[in-house]
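Q: Here it is: the structure, laid out below.
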Amino acid sequence: MASKKAQVGTALLTMYIAWGTTYVGIALAIESMPDLLAMGMRFLAASTLQFFLVGLTSGFLQFRVTRRQLMNMCMLGTMMLAVGLGTMSAAEHVVPLSAASLIVASMPIWTGLFRMIDGDRPQRSSVLGIAAGFIGILIILQPGQTVARVGGNGSSVTLWMFIILLGNLSWSIGSFITTRLDTPKNTMVLTTYEMLAAGVVLTTCGLLSGQKISDFIDATTRSWFGWTYLVVIGSVVGYSTFNFLLNNAPISLVSTYSYVNPVVATALGLVIFDEPLTHNIVVGGLVVLVSVAMVITSENRGAKMKISVETS
0 MASKKAQVGT
10 ALLTMYIAWG
20 TTYVGIALAI
30 ESMPDLLAMG
40 MRFLAASTLQ
50 FFLVGLTSGF
60 LQFRVTRRQL
70 MNMCMLGTMM
80 LAVGLGTMSA
90 AEHVVPLSAA
100 SLIVASMPIW
110 TGLFRMIDGD
120 RPQRSSVLGI
130 AAGFIGILII
140 LQPGQTVARV
150 GGNGSSVTLW
160 MFIILLGNLS
170 WSIGSFITTR
180 LDTPKNTMVL
190 TTYEMLAAGV
200 VLTTCGLLSG
210 QKISDFIDAT
220 TRSWFGWTYL
230 VVIGSVVGYS
240 TFNFLLNNAP
250 ISLVSTYSYV
260 NPVVATALGL
270 VIFDEPLTHN
280 IVVGGLVVLV
290 SVAMVITSEN
300 RGAKMKISVE
310 TS
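The sequence shown: position 98 = 97 (numbering that gives the first Met the number 0), numbered continuously.
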């Protein structure tokens, strides 16, 4: 039987690959699939798979929840997955994977800012990290600097990067308020309901905007491969691995996905789609990644100090 250290190492590598490659999966899926429908169907399929996975291993009674819990999970699924990834699926028609993944990597910076607004007193290094992170984001968002993806409208690339930023902000707010809401203790049950809610919202929005189920079904083999990859690897495997790590590894180690994923996405964007790396993405990306590392390190150090004081 593998040691705990080996299991954690394998899980980390799995999460890096699963979530770092989701940007490629989205790009492949939306090549011939309607973007909102593709993401909506993805979450409907993933939630169904996870429902049976959890039900058959832990019992279907796990999914009995109160009305308040159901409402909270629907709200979180809408904010984090529907808005966060719905905007991403539309934006990736234009925004290169490197820029998209770096903007999303800034989530710990937003979370740190929310904690400051909420009255928490962060360490000086955390404040510096947050300030530097915003500078990095502004560098990435410089108008006229980022080259659009092949076939994308170059004049709208900055607008779509801002839309990704708004989606990431919605995800960050959802993450921040999650612990304050009444939700099931089983995180797999929580994510199943969140994915179901996101699937319903995105599918409905897609249909209302004129996207057709027939166009989703008639997609190319390449798009079906990307979509299937998102369902199985990006959603079910990614979430399961993330939840395992939360319960078996320090949060500082788990949080490293925030600055590993952009590296994976950028490399794959170069290799698979031949996306150019512009000056603003290289410079701004480095600033964002260093800032995220500063915030994560500072937040975890602060948490350890607080625990030490409370238990002394």
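From the three backbone atoms N, C-alpha and C, an ideal C-beta is built for every residue, glycine too.
Below 6 Å CB to CB, which residues in the same chain sit around Thr13 once its five sequence neighbours on both sides are set aside?
A: Thr240
Q: Would you mind reading off the limits of the alpha helix (DSSP H) that contains Gln68?
A: Element bounds for Gln68: 66-75.
Q: For a minimum of 4 consecutive residues, which ranges assigned as the alpha helix (DSSP H) are wholly contained in the segment 156-225?
A: Under the rule that a run must span 4 or more residues, the alpha helix (DSSP H) segments found entirely inside the segment 156-225 read 156-177, 186-207, 212-216.
Q: Could you compute how far the alpha carbon of Val235 sits from the alpha carbon of Gly173?
A: 20 Å
Q: Is it right to say Gly153 is buried, meaning 16 or more other beta carbons lie within 10 angstroms of its own, or is it exposed?
A: Classification for Gly153: exposed.
Q: So what's Ile108 in DSSP terms, helix, strand or just coil?
A: helix
Q: Using only CA atoms, which one of Tyr256, Gln144, Leu69 lies nearest to Thr21?
A: If we check each option's Cα against that of Thr21, Tyr256 comes out closest.
Q: Smallest Cα separation from Asp273: which of Ser100, Val149, Ala98?
A: Val149
Q: In whole angstroms, what is the alpha-carbon distance linking Lys305 and Pro121?
A: Caution is warranted here: a pLDDT of 37 is assigned to Lys305, below 50, making its placement in the model unreliable, and no coordinate value can be reported.
Q: At what residues does the alpha helix (DSSP H) containing Phe243 begin and finish?
A: Unbroken alpha helix (DSSP H) run through Phe243: 237-247.
Q: Quick check: does the Cβ of Met40 come within less than 7 Å of any heavy atom belonging to the ligand MN?
A: The model depicted lacks the ligand MN and carries no ligand whatsoever.
Q: Where does Ala26 sit, in a helix, a strand or coil, going by DSSP?
A: helix
Q: For the alpha helix (DSSP H) that Arg41 lies in, which residues bound it at each end?
A: 34-57
Q: Is the beta carbon of Ala99 sitting closer than 8 Å to the one on Met115?
A: no
Q: Given that a residue counts as buried once 16 or more other Cβ atoms are within 10 Å of its Cβ, and exposed if not, what is Ala266?
A: exposed
Q: Within this structure, are the beta carbons of Ala26 and Val93 separated by less than 8 Å?
A: no
Q: For the segment 207-216 against the segment 58-77, are there 3 or more C-beta pairs whose distance is under 8 Å?
A: Between the segment 207-216 and the segment 58-77, the count of Cβ pairs shorter than 8 Å is below three; the stretches do not touch.
Q: Between Ser105 and Asn167, which are expected to be in contact by the criterion C-beta below 8 Å, what is the C-beta distance as a whole number of angstroms?
A: 7 Å
Q: Looking at the unbroken alpha helix (DSSP H) that takes in Val231, where does it start and where does it end?
A: No alpha helix (DSSP H) contains Val231, which DSSP labels as neither H nor E.
Q: Output the distance between the C-alpha atoms of Ala302 and Ile163, rounded to the nearest integer angstrom.
A: Note that Ala302 scores a pLDDT of 49, beneath 50, so its modelled location is shaky and nothing firm can be said.
Q: Would a C-beta distance cut-off of 8 Å place Tyr192 and Gly24 closer than the cut-off?
A: no
Q: Here's a check: name, in chain order, each residue in its chain whose Cβ is nearer than 6 Å to the Cβ of Ser97, leaving out the five neighbours to either side.
A: Thr265, Gly268, Ile280
Q: Our contact map puts Gln61 next to Val259 with C-beta atoms below 8 Å; I'd like the distance itself, whole angstroms only.
A: With a contact defined as Cβ atoms closer than 8 Å, Gln61 and Val259 miss out at about 31 Å.
Q: Between Asn247 and Lys4, how many whole angstroms is the CB-CB distance? I'm expecting something under 8 Å.
A: With a Cβ gap of about 10 Å, Asn247 and Lys4 do not count as contacting.
Q: Three-state secondary structure (DSSP) at Gly151?
A: coil
Q: Could you spell out the range, first to last residue, of the alpha helix (DSSP H) harbouring Val270?
A: 256-272
Q: Can you list, in chain order, the residues of its chain whose CB lies under 7 Å from that of Ala292, leaving out five sequence neighbours each side?
A: Tyr258
Q: So what's His278 in DSSP terms, helix, strand or just coil?
A: helix
Q: Could you compute how far the alpha carbon of Ala218 sits from the alpha carbon of Asp119?
A: 49 Å
Q: Classify Thr310 as buried or exposed, calling it buried when 16 or more other Cβ atoms lie within 10 Å of its own Cβ.
A: Because Thr310 carries a pLDDT of 24, less than 50, the predicted location of this residue cannot be relied on, and no value is offered for it.
Q: From Leu245 to Val7, what does the alpha carbon distance come to, in whole angstroms?
A: 10 Å
Q: In three-state DSSP terms, what is Gln6?
A: helix
Q: By the DSSP assignment, the alpha helix (DSSP H) with Ala81 in it spans what residues?
A: Ala81 -> no alpha helix (DSSP H), and no H or E assigned at all.
Q: Counting C-beta neighbours from all protein chains within 10 Å, is the total for Thr56 16 or more, i.e. buried, or is it exposed?
A: Here Thr56 is exposed, its C-beta having fewer than 16 other C-beta atoms within 10 Å.
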